[in-house]
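The listed protein sequences derive, respectively, from chains W and Z.
Numbering-wise (full-length UniProt numbering), the first sequence opens with residue 1 and increments by one.
Numbering-wise (full-length UniProt numbering), the second sequence opens with residue 1 and increments by one.
To start, the structure under review is shown below, and the notes come after it.
2 protein chains.
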Amino acid sequence: MKTQKTIRAALLGCGTVGGGVYKLLDRRKEELADKAGASLEISAVLVHNVNKKREGVDPSLLTDDFERIANDPSIDIVIEVMGGIEPARTMILRSLRAGKNVVTANKDLIAVHGSKLLSAARENKVDLLFEAAVAGGIPIIRPLKQCLAGNELSDVVGIVNGTTNYILTKMFEENMDFDAALEKAKELGYAEADPTADIEGLDAGRKVAILASTAFHSPVVFDDVYTEGITKISSSDIKYAKEFDCVIKLLGIARERQEQIEAYVCPMLLPADHPLATVRGSFNAVFVHGDAVDDVMFYGRGAGEFPTASAVVGDVIDVMRNMEYGCTGRIGCGCYRSVPVKQFRDVKNKFFIRMQVINRPGVLAAIAGELGRHKVSISKVVQKVITKGSAELVIVTEDVKEYHMSEALEDLKELEPVQEISSVIRSY
Amino acid sequence: MKTQKTIRAALLGCGTVGGGVYKLLDRRKEELADKAGASLEISAVLVHNVNKKREGVDPSLLTDDFERIANDPSIDIVIEVMGGIEPARTMILRSLRAGKNVVTANKDLIAVHGSKLLSAARENKVDLLFEAAVAGGIPIIRPLKQCLAGNELSDVVGIVNGTTNYILTKMFEENMDFDAALEKAKELGYAEADPTADIEGLDAGRKVAILASTAFHSPVVFDDVYTEGITKISSSDIKYAKEFDCVIKLLGIARERQEQIEAYVCPMLLPADHPLATVRGSFNAVFVHGDAVDDVMFYGRGAGEFPTASAVVGDVIDVMRNMEYGCTGRIGCGCYRSVPVKQFRDVKNKFFIRMQVINRPGVLAAIAGELGRHKVSISKVVQKVITKGSAELVIVTEDVKEYHMSEALEDLKELEPVQEISSVIRSY
């Protein structure tokens, strides 16, 4: 039962993701009427340089004038795939206020201004969908908002950055060191020329903010998320991880405990039999625990032209269906609570501490005593003699608050037999 | 912004799943107004025996009279958790025709009568949702229908029966034989007293029918699905699987190839590095490949009181939202194509064949010749001498059509040096 109705959309941005969305919508042209009850026509593509040739994109659609889009009442859907805060924020706000539905892949923006934008969508009774902003092609936002809506969720833990997971996989499986693995990631296009946002955990942190807000129905912004990257992970750490039957993964963690939200990103030792431990290479996955569903995990490609376009086009089809049924704005913000975000210093984790110490009787007792004084309980100790006079000591602790651990580490450094604290990695 | 609006629902059935749904809705009472814009009241629970005490369920709601529910215009949602074809089918049809939305967990019914029921829902502009019918708590139907709607899907491969996955995991990890693992599954409540539907692949086959229809937009019913169980898998097969760096899993497979749908269930050798290979114990997972999204996987609990209730309550909340926005029926059948289901004899797979042969020169040549005559190419051969006069021969083939393989096996049995064909297992 094909209808002749055509819905018009504008694309803001035509880079990798924008190009993918354009091509994918073109590929699905025939099926859209069946899937969404209408045809879709891209009637404008906003770009910086209208003279640059873009393969497969009709040049007559290119414009550098957002006003033309904002003021065109025939455009009902704006697809924002430029990235960055401005001008995306202003353009999305204007679009929403002009009664247009918006689909965006912009994690930077949603992680900071999501609440305000969702309020604007609500006021104007339009959709603002952002499935592509977290974990690329993996369905996660809609499952959290709808499929798992019957749950009280307590844990959302993700491998949500493909670059760092690729690097850690190479380090783990091929014994590469960090620099070599990073170079390899750059060669393959997994890492950018300036890889800071990825390797320092900032990109993952933005996704954690969005996941936490969605899962716990309470606004969490990027600034609330503690982030720590993977640059300090060494081959020695990987070696011990294997010995302990663990892997090392950069985890984005969003938890609710005692009416407080914990939100942070850091590398962690993870038991090899945890479902997230099997996520290799540039793949992403998000693990969720809810009181009814127990454990679930969503796995797939977290980035890339077509995986990201898959999420964007899924959202576009949803908007089209909502338009057909007159119910745009049906799934809105969902933040009906206001739960404080716990200061990171109060978060509890287990720690893996690797240190070089003088090899003589009484050293372990001194170190254990110092840790005990700071309320740090030890669950595992491995000591290896390196030379006659020195040893490598690895301690895994029980759960301890971040600030107790920091203070303990400060004091350990001052302890005479401790020559160096080589690594401190949290353990899941 | 809580509203005072109350939506009324009836529960058909109050067994394990029904009890879970009742309790979970009660647990979520406070949040429902925030999540769905209204409160929900269970106003009737249909049971066989109204006098049986059901823990936590208000006895005044119990009724054995479906007519009371069907004729009550204040009831807008019917939640069917009885299972089985009749009377569920008749009751759901009557409910839909009475303008009531229906949420069901009934795979038996949807796998056979799904199309007709969805048509009835469409005609009456109401929702018929069945997320719980496949893989329990794991979000899969909604992701297929919405999140991945931008894709042309080609493969949906699932571990969709927890009982058999538990048994195979025990056989693989603890070297149990089939009978011992089945006993253990019964003890733990994973297997029923009569485990036929699980161990013969029928339960998985129903889920494959639903997954195939949903993914390929074309009706596939249980009768279209070839099913084969795990009762013939032996410790020797498991041993070889390990040697080949594989696991053995009962896979439900739905594929589209050259405008034909393949739908079948059988145990398969699966490479250990495939994401589905890491799914252990009673967990389920569904692996999906689409042209844009590439590979995605959904993992979690495929059965159990609360995981199943999670999926049911997620659907109920969706119906409530649709009612608030006046858009029930928004996501309907989705079967806008009519793609033939390939006869199983024409499906191609790789095969693992284990046989006992006389150990003398020329035997392998004779067997390879016989296979070649039936268009079966060999990719791997392992031969182990068992006694001086006999050997165990394991052959893994390239892709071959089922009927070529069957004919080849018939002829192999007649070959003089072949003493026994011990196992024939497909390989993914």
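Every residue gets a Cβ at the ideal spot worked out from N, C-alpha and C, and that includes glycine.
- Close partners of Gly137 of chain Z in chain W (Cβ separation under 8 Å): Ala292, Val293, Asp294, Val296.
- Per DSSP, the beta-bridge partners of Ile75 of chain Z are Z:Arg8.
- Taking a Cβ-Cβ threshold of 8 Å, the residues of chain Z close to Ile317 of chain W are Gln146, Ala149, Gly150, in chain order.
- Secondary structure of Phe130 of chain W (DSSP, three-state): coil.
- Within 10 angstroms of the beta-carbon of Leu62 of chain Z lie 16 or more other beta-carbons, which makes it buried.
- When C-beta atoms of the segment 31 to 40 of chain Z are compared with those of the segment 267 to 286 of chain W, fewer than three pairs fall below 8 Å, so the two segments do not count as touching.
- Of all residues in the segment 256 to 275 of chain W, the ones placed with a Cβ closer than 9 Å to any Cβ belonging to chain Z are Asp273, Pro275, in chain order.
- Residue environment: Gly326 of chain W is assigned as exposed (fewer than 16 neighbouring CB atoms within 10 Å of its CB, all protein chains considered).
- Nearest to Lys388 of chain W by alpha-carbon distance, out of W:Arg373, W:Met82, W:Glu402, W:Ile358, is W:Ile358.
- With fewer than 16 other CB atoms across the displayed protein chains lying within 10 angstroms of its CB, Ser60 of chain W is exposed.
- Against chain Z, a Cβ distance below 9 Å from Val313 of chain W picks out Ala149, Gly150, Asn151, Ala292.
- For Ser377 of chain W, the closest C-alpha among the options W:Asp399, W:Glu392, W:Ile92 is that of W:Asp399.
- If you compare the alpha carbons of Z:Phe178, Z:Tyr226, Z:Glu173 with that of Lys342 of chain Z, the shortest gap goes to Z:Tyr226.
- Within its own chain, the residues whose Cβ lies closer than 7 Å to the Cβ of Lys170 of chain Z, once the five positions on either side in sequence are excluded, are Met176, Ala181, Lys184, listed in chain order.
- Between Asp76 of chain W and Arg301 of chain Z, the gap from beta carbon to beta carbon reaches 7 Å or more.
- For Arg345 of chain Z, the nearest beta carbon of chain W is not closer than 7 Å to its own beta carbon.
- Only residues of its own chain outside the window of five on either side were considered, and among them Ile395, Val424 have a CB closer than 6 Å to the CB of Ile353 of chain Z, listed in chain order.
- In the structure shown, Tyr166 of chain W falls within a helical segment according to DSSP collapsed to helix, strand and coil.
- Counted as a single uninterrupted DSSP element, the beta strand (DSSP E) harbouring Tyr264 of chain W occupies residues 260 to 271.
- Chain W has no Cβ within less than 7 Å of the Cβ of Lys170 of chain Z.
- Nearest CB-CB separation between Leu24 of chain W and chain Z: below the 7 Å threshold.
- By the Cβ neighbour-count rule, Pro271 of chain Z is exposed, with fewer than 16 other Cβ atoms within 10 Å of its own.
- For Ser218 of chain W, same chain residues with a beta-carbon under 7 Å away, outside a window of 5 residues either side, are Ile261, Cys335, Arg337, Ser338, Val339 in chain order.
- Burial check for Thr196 of chain Z: the Cβ neighbour count within 10 Å stays below 16, so the residue is exposed.
- Taken in chain order, the whole alpha helix (DSSP H) runs of length 4 or more contained in the segment 274 to 360 of chain Z are 305 to 324.
- Within the DSSP bridge table, the entry for Arg89 of chain W names no partner.
- For Phe306 of chain Z, a Cβ of chain W is located within less than 7 Å of the residue's own Cβ.
- Under a criterion of Cβ atoms nearer than 8 Å, the residues of chain Z adjacent to Ala309 of chain W are, in order, Gly150, Ala292.
- No Cβ of chain Z is located within less than 7 Å of the beta carbon of Cys335 of chain W.
- About 28 Å separates the Cβ atoms of Ile79 of chain W and Val265 of chain W, ruling out a contact at the 8 Å cut-off.
- Non-local beta-carbon contacts of Asn322 of chain Z in its own chain, meaning distances under 7 Å to residues more than five positions away in sequence, involve Asp127, Thr328, Arg330 in chain order.
- Ranked by Cα distance from His274 of chain W, the options W:Ala120, W:Cys147, W:Val157 are led by W:Val157.
- Residue environment: Leu12 of chain Z is assigned as buried (16 or more neighbouring CB atoms within 10 Å of its CB, all protein chains considered).
- Among the residues facing chain W, Thr231 of chain Z is not included, as its CB has no counterpart in that chain under 7 Å away.
- With its beta carbon less than 7 Å from one in chain Z, Pro143 of chain W belongs to the interface.
- Of the residues assessed, Ser235 of chain Z falls on the exposed side of the cut-off, its CB having fewer than 16 other CB atoms within 10 angstroms.
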